[in-house]
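Engineer: Letter by letter, the sequence shown follows residues 405 to 798 in the working numbering.
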Amino acid sequence: AIAGSTGSIGTQTLEVLTADLEGPQDFELVALGASGRQEALLIAQAERHRPKVVAVADDDPGLVARLTAALPACEVRAGGQALASLAEDADVVVNGVVGFAGLSVTLATLHAGRRLALANKESLIAAGPVVQRARVTPGAELVPVDSEHCAVHMCLRANRNPGRVSRIVLTASGGPFRGRSREGLVGVTIGDALAHPTWSMGPKISVDSSTLMNKGLEVIEAHELFGVPAGPAGVGIGFDQIEVVVHPQSVVHSMVEFTDAATIAQLSLPDMRLPIGYALAFPDRIGTPFGRIDWAALGRLDFEPPDLDAFPCLGLAYAAGRAGETAPAWLSAANEVAVEAFLEGRIAWTQIAEVIAAALDRYEGTRATDVDVVIEVDRQARHIARRVIEDFTR
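1. Leaving out five residues on either side along the sequence, give the residues of the same chain with a beta carbon under 8 angstroms from the beta carbon of Glu-443.
2. Are the CB atoms of Asn-499 and Gly-408 nearer to each other than 9 angstroms?
3. In angstroms with no decimal places, state the Cα-to-Cα distance between Val-777 and Arg-537.
4. Opposite Asn-563 in the DSSP bridges: which residues?
5. Would you check if there are 3 or more beta carbon pairs closer than 8 angstroms linking the stretch 763 to 770 to the stretch 784 to 796?
6. On a CA-only basis, which of Ala-523, Trp-753, Leu-421 and Asp-596 is nearest Val-434? Give me that one, please.
7. Look up Leu-528 in the DSSP assignment and say whether it is helix, strand or coil.
8. Roughly how many angstroms lie between the CA atoms of Lys-608 and Glu-744, to the nearest whole one?
9. Quick one: what's got a C-beta closer than 8 angstroms to Leu-673's C-beta in the same chain, skipping five residues either side?
10. Identify which residue in Leu-735, Ile-751, Phe-686 and Arg-750 has its Cα closest to the Cα of Val-851.
11. Count the other CB atoms within 10 Å of the CB of Asp-424; is the residue buried (16 or more) or exposed (fewer)?
12. Using the C-alpha atoms, what's the distance from Thr-667 back to Ala-685?
13. Does the separation of the CB atoms of Ala-482 and Asp-493 fall below 9 angstroms?
14. Extract the residue ranges of the beta strand (DSSP E) inside the stretch 473 to 510, only unbroken runs of 3 or more that lie entirely within it.
15. Could you please give me the residues that DSSP links to Met-659 through a beta bridge?
16. With a cut-off of 8 angstroms, do at least 3 Cβ pairs link the stretch 512 to 520 to the stretch 448 to 461?
17. Which runs of the alpha helix (DSSP H), 4 residues or longer, sit entirely within the stretch 701 to 755?
18. Please state if the CB of His-553 and the CB of Phe-630 are separated by a distance shorter than 9 angstroms.
19. For Arg-519, list the residues DSSP reports as bridge partners.
20. Tell me, please, whether the CB atom of Tyr-767 is closer than 9 angstroms to any CB atom in chain B?
21. Give every residue of the same chain whose Cβ lies closer than 7 angstroms to the Cβ of Thr-754, excluding the five residues on either side of it in the sequence, and list them in chain order.
22. For Gln-485, count neighbouring Cβ atoms within 10 angstroms of its own Cβ and tell me buried if that reaches 16, exposed if not.
23. Pick helix, strand or coil for Gly-440, following the three-state DSSP scheme.
24. Leaving out the 5 sequence neighbours to the left and right, which residues in its chain are closer than 8 angstroms to Glu-419 when beta-carbon positions are compared?
25. Using only CA atoms, which one of Val-535, Ser-577 and Thr-692 lies nearest to Val-775?
26. What is the DSSP secondary structure of Val-458, reduced to helix, strand or coil?
27. Can you pull the DSSP bridge partners for Val-792?
28. Where do the ends of the alpha helix (DSSP H) carrying Ile-680 lie?
29. Could you compute how far the alpha carbon of Ser-570 sits from the alpha carbon of Met-659?
30. Are the CB atoms of Ala-626 and Ile-646 within a distance shorter than 9 angstroms?
31. Would you say Ala-523 and Asp-495 are within 9 angstroms of each other, going by their C-beta atoms?
32. Helix, strand or coil, according to DSSP, for Ala-763 in the structure here?
33. Locate the beta strand (DSSP E) running through Ile-646, then write down its first and last residues.
34. Could you tell me the boundaries of the alpha helix (DSSP H) in which Ile-697 lies?
35. Kindly list the residues whose CB is nearer than 6 angstroms to the CB of Ala-474, restricted to its own chain and excluding five residues on each side of it in sequence; keep chain order.
36. For Pro-710, does the count of other Cβ atoms within 10 angstroms reach 16, so buried, or fall short, so exposed?
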């Protein structure tokens, strides 16, 4: 099942499923789910791939009627829990939903004891402690789709002892503004921020990449996926052992350093279909038709430290991660509101970090005891971020 089928991850997952894959894999698509905003695309996907179930988060009666009429062979589900219900129908659920809305899909899939191919990083960031408890459900399995975390997932399997990891290094392309000073970022446009040099992504994630917030969120996600406690779900490291380096070629996706100073790196072309295929087939591997590295043409691999002065969002994410509990949820919610305001032309690109910082200053600290607490924290953070934006735009 694919939740978020009309988005970037969803459409690329469909490309993997319809590709001429080498190997024994035989995937059956049983369900598609989306917000409902791209109705025509969802109908076209369902007509081509013929799933048993089509789900939309929007419960508008007119939309439901049109989908039912256009797709008579499909069961149409609608409403707030429609996407989460897809976990009932599939062995593997790809969560490509953007933002906090993907949390219900993550929890439903894990509670159902299914494999979760997770591209929705906000689930782990906003509700890490809650998701961790769901991961112990018998049969539940989480395989990351983010290229960096997928790479770490591969690298960790080069060593049998999870306690022998000393450092995880996540790479960042640097986005479209790599090398610019803080002053040089004043006046960048929406088009500038969406023009990612190497990856094909949706607008929200493209903006996050341009601010390095995407990488900051991935640091928190890496800690939730691979950090504490040591054991089957973690390697016992903290935020001080999760580093970020800028790597403009986007060929090295992550590195894991072990206690003997040996480093294992995962390299592949910057194509999201590769980690998607890995998450679907694990522990097997697909025979990919999506291209391979030409080592002779590659020539060089460059690495440099991130500029935290020009890109303060990365530092804000580290601070929220270290604060723990619901601070990452607060960060993620404020960021979603700020990015939305930027894409609507209401604030400048440089004000994204300012909105998030101002919202974090008002975080009072709340324990992530259950999902209802996380939802309330998300609501509060969004409210405060919107008030900050109103103050900025007066």
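For every residue, glycine included, the Cβ atom is placed at its ideal position computed from N, Cα and C. Model, not experiment: these values are computed from the prediction.
Structural biologist: Judging by the given coordinates:
1. Take Glu-443, set aside five residues on each side of it, and the residues of its chain with a beta-carbon closer than 8 angstroms to its own are Leu-467, Arg-470 and Leu-471, in chain order.
2. Yes, these two residues count as a Cβ contact at 9 angstroms.
3. It is roughly 15 angstroms from the alpha-carbon of Val-777 to the alpha-carbon of Arg-537.
4. BP columns for Asn-563 are empty, so no partner.
5. Proximity of the stretch 763 to 770 to the stretch 784 to 796 meets the contact definition, three or more beta-carbon pairs being nearer than 8 angstroms.
6. When Ala-523, Trp-753, Leu-421 and Asp-596 are compared, the shortest CA-CA separation from Val-434 is found for Leu-421.
7. Helix at Leu-528.
8. Those two C-alpha atoms are separated by around 8 angstroms.
9. These residues qualify, in order along the chain: Val-655, Phe-694, Gly-695, Arg-696 and Ile-697.
10. Only positions 405 to 798 of the chain appear in this structure, which leaves residue 851 out of reach.
11. Asp-424 is exposed by the Cβ-count criterion.
12. Answer to the nearest angstrom: the Cα atoms are 25 angstroms apart.
13. Not closer than 9 angstroms, so no.
14. Correct list: 479 to 482 and 496 to 499.
15. Partner(s): Val-573 and Ala-669.
16. Touching, no.
17. Fully enclosed alpha helix (DSSP H) runs of 4 or longer: 717 to 727 and 731 to 747.
18. In this structure, His-553 lies closer than 9 angstroms to Phe-630 by Cβ.
19. As DSSP reads the structure, Arg-519 sits in a beta bridge with Val-496 and Glu-545.
20. You won't find chain B in this structure, because it holds only one protein chain.
21. So the qualifying residues of the chain are Leu-589 and Val-590.
22. With fewer than 16 other Cβ atoms within 10 Å, it is exposed.
23. In this structure, Gly-440 counts as coil in the three-state DSSP scheme.
24. Cβ neighbours of Glu-419 beyond the five flanking positions: Arg-677.
25. The candidate whose alpha carbon is nearest that of Val-775 is Val-535.
26. For Val-458, the three-state secondary structure derived from DSSP is strand.
27. Per DSSP, none; premise fails for Val-792.
28. It spans 677 to 685 - the alpha helix (DSSP H) in which Ile-680 sits, taken as one unbroken run.
29. Taking the straight line from one Cα to the other gives about 11 angstroms.
30. Yes, they are a contact pair.
31. Contact flag unset, no.
32. The answer is helix: DSSP assigns Ala-763 an H, G or I state.
33. Its beta strand (DSSP E) spans residues 646 to 650.
34. Element bounds for Ile-697: n/a, residue is neither H nor E.
35. Closer than 6 angstroms at the Cβ level, and outside the excluded window around Ala-474, lie Ile-447.
36. By the neighbour-count criterion, in which a residue is buried when 16 or more other Cβ atoms sit within 10 angstroms of its Cβ, Pro-710 is buried.
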